[in-house]
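What follows is a set of notes on a single structure, which appears directly below.
There are 2 protein chains.
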Amino acid sequence: MELTPKTKRPKGEPCCEPVVYPDVEREQAVRLAMVAKAIGDPIRLQLLDVLRKHAGKVCVCELVPLFDVSQPTLSHHLKKLRDAGLVDSERQGLWAYYYVLPEALAELGAWLA
Amino acid sequence: MELTPKTKRPKGEPCCEPVVYPDVEREQAVRLAMVAKAIGDPIRLQLLDVLRKHAGKVCVCELVPLFDVSQPTLSHHLKKLRDAGLVDSERQGLWAYYYVLPEALAELGAWLA
DNA sequence: AGCCTAAGTTGATCGCTGTCGATATGGAGC
DNA sequence: GCTCCATATCGACAGCGATCAACTTAGGCT
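The listed protein sequences derive, respectively, from chains A and B. So for the first sequence, our numbering puts the first residue at 1; every next one is plus one. So for the second sequence, our numbering puts the first residue at 1; every next one is plus one.
As structure tokens, then:
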């Protein structure tokens, strides 16, 4: 995957002044992109929106009727959000309650600002 | 794609109070998710980071050596960013200069905050 | 003209993702 | 025990996405 070293620019007239090398961001970029990818679906974004606005734990049985997808599909989206560290869940008897973990969202928000 | 109406909840003991229906957000969620998906790749996120920090137009020939991908791949990423409305480009002779359009980023940032 | 060089496009590959139906898990209640 | 019900998981499918090599486009230069 090495880049071909075409950086010779022989004649003169460089196209622009050199850009700072963003190596400090490599690790952080992977984490931030993971979070952004998790938000990069309309259903998951709305799920986060509902969970955030409710500001408490929300039962899955209340989330499923809000979207035009099957229950397994919604469960899949919730798992994606949990794998990205954006939400967590808690079981109480038959029902499962989801809630937002604001940390990862805050980190992405900080980068955006 | 209709959801099976399993919302009968026959016995009693509702799992939680009903959640507000987020229909106002449907259209906006699609747009925001599109933006988030565009940021949801480490290379594109770093591209945006470099372009933002430079605060001016940056030549592609300066961007290519920063990443361990081929030039066509970087061109593909830049196209994705442009299609999402996050950047725009401008040709000057042989070179192409990219710059950030801060609007879409700001909208996502506003939603996060 | 002819060559070089920067950037974009094409075509192919391969892995990931969203979706569903079907099935499994596991608690509640009879 | 057995039966319902809520959620998760599995298997399969279609579509998208990241990547490369190869090629094309188009501007500068001699």
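Each residue gets a CB set at the ideal place from its N, CA and C atoms; glycine is no exception.
Where residue i meets chain A, residues with beta-carbon distance less than 7 Å
i              : result
D88 (chain B)  : By Cβ distance, chain A contributes nothing, its closest Cβ being about 16 Å from D88 (chain B), past 7 Å.
A104 (chain B) : Near A104 (chain B) there are no residues of chain A at all, since even the closest Cβ is about 11 Å away, more than 7 Å.
Three-state secondary structure (DSSP) of residue i
i              : result
A113 (chain A) : coil
V30 (chain B)  : helix
S75 (chain A)  : helix
V58 (chain A)  : strand
I43 (chain B)  : helix
V69 (chain B)  : coil
A96 (chain A)  : strand
CB contact below 7 Å: residue i versus chain A
i              : result
D41 (chain B)  : yes
G109 (chain B) : yes
Residue of the options minimising C-alpha distance to residue i
i             : options                        : result
L32 (chain B) : B:Q71, B:L108 and B:A96        : B:L108
G93 (chain A) : A:L66, A:W111, A:K79 and A:C61 : A:C61
A38 (chain A) : A:H54, A:G56, A:A110 and A:V87 : A:V87
V69 (chain B) : B:P42, B:E25, B:R91 and B:C59  : B:P42
Amino acids of chain A, ordered along the chain, whose beta-carbon sits closer than 9 Å to that of residue i
i              : result
L101 (chain B) : Near L101 (chain B) there are no residues of chain A at all, since even the closest Cβ is about 14 Å away, more than 9 Å.
A55 (chain B)  : The contacting residues do not exist; A55 (chain B) stays about 11 Å from chain A at best.
Beta carbon of residue i nearer than 7 Å to that of residue j
i             : j              : result
P35 (chain A) : A84 (chain A)  : The question names Pro, yet the displayed sequence has Val at residue 35 (chain A). For V35 (chain A) and A84 (chain A), yes; Cβs fall inside 7 Å.
L81 (chain B) : R44 (chain B)  : yes
Q46 (chain B) : E103 (chain A) : no
Interface flag, residue i vs chain B, CB-CB below 7 Å
i             : result
L45 (chain A) : yes
D83 (chain A) : no
Interface residues of chain B facing residue i [CB-CB closer than 9 Å]
i             : result
L78 (chain A) : Residues of chain B passing the Cβ test: none, with the nearest at roughly 14 Å.
Interface partners of residue i on chain B, CB under 8 Å
i             : result
A33 (chain A) : I39, G40, D41, P42, R44 and L45
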